[in-house]
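A.B. asks: So the protein lines, in turn, are chains A and B. For the first sequence, full-length UniProt numbering begins at 1 and goes up steadily by one. For the second sequence, full-length UniProt numbering begins at 1 and goes up steadily by one. Got a structure for you, questions after.
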Amino acid sequence: MSDIATALGGARYEGFALVEEAPAGGMIALRGDWSDLGPALSSALGVEIPQTRRIVTEGERSLAWMSPDEALVLLPVDKVAETVRRITEGAGDAFVTATDVSDMRAVFRISGEGTGPREVLSKLCPVDMRSLEVEELRRTRLSQVPAAFWIGRDGTITVICFRSVAAYAFEVLTRAARPGTEVGHLAS
Amino acid sequence: MSRRLTSGGRYIDRNAPQGFTFDSTTFEGYAGDTLASALLGAGVTLVGRSFKYHRPRGILAAGPEEPNALVALGPKERTEPNQRATTTELFDGLTARSQNRWPSLKNDVGALNQAVSKFLPAGFYYKTFIQPRHAWKHLFEPIIRRSAGLGPAPTHADPDEYEHLYDTADVLVAGGGVAGLTAALAAGRAGKRVVLVEQMPHWGGRLVTDALPDAKEEAGETVAALLAALEAMPNVHLRTRTMCAGIYDHGYVLCHERVSDHAPAAGIPRHRLWKVRADQVVVATGAIERPIAFPMNDLPGVMLAGAVRDYVECYGVTPGDAVVIVTNNDDAYRTALSLKSAGIAVPAVVDARASADGALPAMARDAGIDVRTGQGVAKVLGKMGVEGVQLCAQGSAGEVTDTIACDAVAVSGGWSPAVNLWSHCGGKLRWREDAAWFEPDADKAPTGADGRAFVAVCGAANGRMGARDAAADAADVGAAAAGGEVTGDLPGVPEAPEEAPLEPVWLMPAEAQIEAREKMWLDFQNDVKVSDVELAAREGFESVEHTKRYTTLGMATDQGKTSNINGLAILAKALDEGVPQVGTTTFRPPWTPLSFGAIVGEAKGPAFQPLRRTPMDSWHEARGATWEPVGHWRRPYCYPRRAESAEEAVEREVLAVRNHVGILDASTLGKILVRGPDAGRFLDMLYTNMMSSLKPGRCRYGLMCSENGFLMDDGVVARIDEQTFLCHTTTGGADRIHAWMEDWLQCEWWDWKVHTANLTEAWGQIAVAGPKARKVLESLGGMDLSAEALPFMGWADGTLGGFDVRVYRISFSGELSFEIAVRAGQARALWDRLVAAGDAHGMAPYGTEALHVLRAEKGFIMIGDESDGTVIPQDLGLDWAISKKKNDYLGKRAQARMHMTDAGRWRLVGLETLEGEVLPDGAYAISNEKDEWGNTRTIGRVTSSYRSPTLNRGIAMALVEKGPERMGEVIDFPIPGADPIAARIVSPVFYDPEGEKQNV
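As structure tokens, this is what we get:
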């Protein structure tokens, strides 16, 4: 099997924060009521069920609350097929749809000192970056494209958007992170 | 003449000279100067021409209220017009040009307008250009358009960069004078997150400048102490050069930061637009001084009294060597004292009031200044600048009592609270009779969604003019905005002498005759005079909003900051009403103009618009594809080889598919997964045909209509398993159709068990089409692609060359065709393998135009070509795709409407031109018969037209009245500027009507 290419081949930009495209990973989109999703997921993943608008990470697996009837699982790409099967089995008669969407998105990580990573997004997303908590997930727009992001326990922000607009997303993220354009407004 | 003083100027650094040019002449100023102070320092008092009469204009103010000193900044290619010299910070290398003059500022041909000013009264547009009728289009409008506008537009694209910034604040304070600083401190002490913005580069506003000489040091310490206290608070963010542009609903505040205007640098945005959500906004924007309407009050050298002392004290510049003060209040005496202590002659203070006995006039008298009470200005003397003033009794008609030589006039008609921000979101005003100003009515504040006030106002903007009073007000307001009370000590504000009340003076002299009133300017930028407003009143304009538009009072780029109240008062007098009865015009954002660049933000150049790229995008680019935008995607239109035109490339690509094999990037097609026990039932409602009867492993072409029956999308549906379908949509329709599905599922059929997922981008899709398509795929090895294993309109999962794929046997070209879906992350790799494998078979990549020609040869419709939102499937001869068995589908009932079943509808046919020529796309067919009114009757329209390389002639599809009933008939298509093209109505299927080629 051929390697799985990411949209930008691991693009990287070092400004006042580091913006890098993440390596290929696995993603499973889930639809269903959370009353059905919860049991199906906990048996298949062994990950705690996230509260509204939050993401829970354990080891190399994360589970995100995406909407009242939608979840997203992030996991190593070679575990996807097996996990989709287990979720579907775990759901039993419950109406749950699990779909491999590993290649559908581009994933970026923004890391750096202090409020730098948050500041990059505060130039592009109409979000209160001051009050956004660690492991809180926000679905919003990144300049002109839909995107979602969350802040990991190490302070790194993960941004996901659709694969076709990866180059656009990288362009606006790197512009926002250019050295000398720091504002520092989130430090107060 | 104006000049730089030998000492003084607390904003400038005399050790840092900065060179700049104005109208190609080089001057020198100092770091810390504004362009206005540097020009005055260099002796330049004539800086522009007025809009209508091209009157010479000098600098009136020292801040954002400036109406006159508008310049074009930067070299021609990146000119920024209408920039206020008073807020433009000087930097080394700045270039500025004056505006609205030709050939030069000193000798301006447009000034001839003054000679004919009698014929350019208020509303002259509406009166003058009526007859002869045709002259408007050919003579008047072109001339007006050429003379309209002050500054030139840049000739090149803006090379600078901009950005947006989203922020939140518990309390946002607009204005960094003593009131704003104090309010921010009080709010900050309550523990709230405070953002304090100041439009100018300095903190403290007028506090130091307006302090009396012996209190200046203390005033400076006050500002420093406030600033130090704020800077020590981690919850307070301070921002200079940031103008609060507007306040909107839900605490949304727009601020415009001039990041690097004063120090241009590569890679740094020029402006930054702050979009702040604030719980509470405190407006501390101070006050604006008003001029007085006296004859020739627009001459260069006439300046606001407050501005004069700004220039003297902040920049070490005097507007003249002998400055006469004209006032109706005590405050202007500060200017007299300021000038006097700078060693400038003040020949007289002309005070319109009968007496002036307050502390400030007394100090002026003590300083030896001649105070003339009860006097006014009969006329300012001079042509291009002030040469003297003639005095008269204020109560007179203007009989001259004395003449004083001077080269500048400092005028003060009192101050008006800067209430604009308060008003933006609905704050109401009240008229203060004693002070003659409008001030915010605290009981009628802008309210938020909860019905509570979210904007507060303090200091001079709240009508609390004295610094000490303003600071005390600000402390209360700031603390209240933070939901707390004033805590801790606040830095002391120096005491100021008590001021006697002003006397409203709207006209000077009070009994001025019409000749004099025609020389009294209210709006300096738009050339609106006292006589214009009076004329409007005489002509029946009672509403201030109408008068504003009729006379253009306050409609210039300064939005009437210095002219508003004076104009209202003149109108009130002419209407014999009180000022509050006349009311004010509406203040709207922005407070001062902000750049288009800031509004655009990062959305320019490569970030102008998101461009969607398929996984194979870089391959197309490397192959020199010409692009076609489809939705936000870019798709290869064709792949011209060296020296090949696009037309030639398309022909070659079409023939490659017909004769050998072609490869197409079809990744942009929408792919929506529909799954659930009710999925079949759901799709039966969405599509016109039956989808629930489709067998797993099979594909079916389907049509979707809106509730009104109109065709909105089409595509192939594949049944994956009992509960699962994959719906292909058009490229542009994917997001829309997914939203359409969710709309029905969430709002109408919420109890149906159906899930959807838009998987468009999860998969790359590659079409391999042509007689040799199977051979190419088989050479990769893997799954069985024989007609038996994978028949036409079937699909199968398997592997090709080691890639996991799903292959659909569907055809949009009429040839043997496979569409291969592969995970997006491997699409490029598979594409490369297929391209390499295709070489042996003469395979060519083909683009969207070849795709269109191929489908048109087959008579396949294209959404957006054959459909336009008014076409139903029946019009297109697609009755076979409309189920007769189903009780319902979206659009079914609409399609039964009388108009939809009208036998006279335009319906799809093919066209063969008699001479083989290509019909223009969109050409209309006409009937030989006239309609009932004797007009030419249109009976059809070309929907698609191409040159068919396969048939070597022009082919077209068209919607023609009763088209299918007229087979063989010849109809005419008139062509503008050429002979009509005659075409024969034929079947739209030009190629392989039996469909044998695709089914092998």
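Just so it is clear, CB atoms sit at the ideal spot from N, CA and C, and this is done for glycine as well. Treat the numbers as computed from the prediction; the structure is a model and nothing was measured.
1) One question on the structure: do B/H852 and B/V661 come within less than 8 angstroms of each other, judged by their Cβ atoms?
2) What first and last residue would you give for the beta strand (DSSP E) that runs through B/A31?
3) For B/Y248, is the classification buried or exposed, using 16 other Cβ atoms within 10 angstroms of its Cβ as the cut-off for buried?
4) Distance, Cα to Cα, B/Y166 vs B/F973?
5) On the three-pair Cβ rule with 8 angstroms, is the segment 300 to 310 of chain B touching the segment 283 to 292 of chain B?
6) For residue 1005 of chain B, go through chain A and note every residue whose CB falls closer than 9 angstroms to its CB, in chain order.
7) Please tell me whether B/S786 and B/Q998 are closer than 8 angstroms, where the distance is taken between their beta carbons.
8) Considering only the beta carbon of each residue, do B/P151 and B/Q99 sit closer than 8 angstroms?
9) Comparing alpha-carbon positions, which option in B/R652, B/T86 and B/G463 lies nearest B/A287?
10) Excluding five sequence neighbours on each side, which residues of the same chain lie with their C-beta closer than 6 angstroms to the C-beta of A/T99?
11) Between A/E21 and chain B, is the shortest Cβ-Cβ distance under 8 angstroms, so that the two count as touching?
12) Determine the chain B residues that contact A/F108 at a beta-carbon separation under 8 angstroms, and present them in chain order.
13) So, do the segment 206 to 217 of chain B and the segment 254 to 266 of chain B have three or more beta carbon pairs nearer to each other than 8 angstroms?
14) For B/R918, which option in B/K892, B/K930 and B/P949 has the closest C-alpha, if you only look at C-alpha atoms?
15) Please report the distance separating the alpha-carbon of B/V600 from that of B/H164.
16) In terms of alpha-carbon separation, which member of A/G32, A/L132 and A/E82 lies closest to A/W150?
17) Given this structure, state the Cα-to-Cα distance separating B/S117 from B/K52, to the nearest angstrom.
18) Between A/F149 and chain B, is any beta-carbon pair separated by less than 8 angstroms?
19) Hey, quick one: how far does the alpha helix (DSSP H) through B/T547 stretch, first residue to last?
20) Pick helix, strand or coil for A/P39, following the three-state DSSP scheme.
21) Only counting runs of 3 or more residues, tell me where the beta strand (DSSP E) segments fall wholly within the segment 248 to 332 of chain B, in order along the chain.
22) Measure the C-alpha to C-alpha separation of B/S37 and B/V317 and round it to an integer number of angstroms.
23) For B/N82, does the count of other Cβ atoms within 10 angstroms reach 16, so buried, or fall short, so exposed?
24) Where does B/T870 sit, in a helix, a strand or coil, going by DSSP?
25) Assuming B/A187 contacts B/G583 (C-beta within less than 8 angstroms), just tell me the rounded distance between them.
26) Consider the Cβ of B/L726: report whether some Cβ of chain A lies at a distance smaller than 8 angstroms.
27) I'd like to know whether the C-beta of A/R85 is nearer than 8 angstroms to at least one C-beta of chain B.
28) Check the Cβ-Cβ distances between B/H271 and every residue of chain A, and say whether any is below 8 angstroms.
29) Put B/W619 into one of helix, strand or coil per three-state DSSP.
30) For the beta strand (DSSP E) containing residue 1009 of chain B, list its first residue and its last residue.
31) Starting from B/N82, follow the beta strand (DSSP E) in both directions and report where the run begins and ends.
32) Run down chain D in chain order and give the residues with a C-beta less than 7 angstroms from the C-beta of A/F162.
33) Tell me which residues share the same chain as residue 1015 of chain B and place their Cβ nearer than 7 angstroms to its Cβ, disregarding the 5 neighbours each side in the sequence.
34) Opposite A/T156 in the DSSP bridges: which residues?
35) Quick one: which unbroken alpha helix (DSSP H) runs of 4-plus residues sit fully inside the UniProt domain "Aminomethyltransferase C-terminal" (907 to 992) of chain B? Chain order, please.
36) Answer yes if the segment 305 to 313 of chain B comes into contact with the segment 62 to 77 of chain B, meaning at least three C-beta pairs across the two stretches below 8 angstroms, and no otherwise.
C.D. replies: Short version:
1) no
2) T25 to A31
3) exposed
4) 56 angstroms
5) yes
6) What is shown of chain B runs 1 to 1000, which leaves residue 1005 of chain B out entirely.
7) no
8) Residue 151 of chain B is actually Gly in this sequence, not Pro. A contact, by the Cβ cut-off of 8 angstroms.
9) B/G463
10) A29
11) no
12) In chain order: nothing, as chain B lies at least about 15 angstroms away.
13) no
14) Here the sequence assigns Val to residue 918 of chain B, which means Arg is not the residue at that position. Considering only alpha carbons, the answer is B/P949.
15) 8 angstroms
16) A/L132
17) 9 angstroms
18) no
19) V544 to T551
20) helix
21) 252 to 258, 271 to 283, 287 to 289, 302 to 304 and 323 to 327
22) 7 angstroms
23) buried
24) coil
25) With 8 angstroms as the limit, B/A187 and B/G583 do not qualify as a contact, their Cβ atoms being about 33 angstroms apart.
26) no
27) no
28) no
29) helix
30) Nothing can be reported for residue 1009 of chain B: it is not among the residues displayed for chain B, which extend from 1 to 1000.
31) E80 to R84
32) Judged by its chain identifiers, the structure shown contains no chain D, and its protein chains are A and B.
33) Nothing can be reported for residue 1015 of chain B: it is not among the residues displayed for chain B, which extend from 1 to 1000.
34) Answer by DSSP bridge pairing: none, since A/T156 is not bridged.
35) none
36) yes
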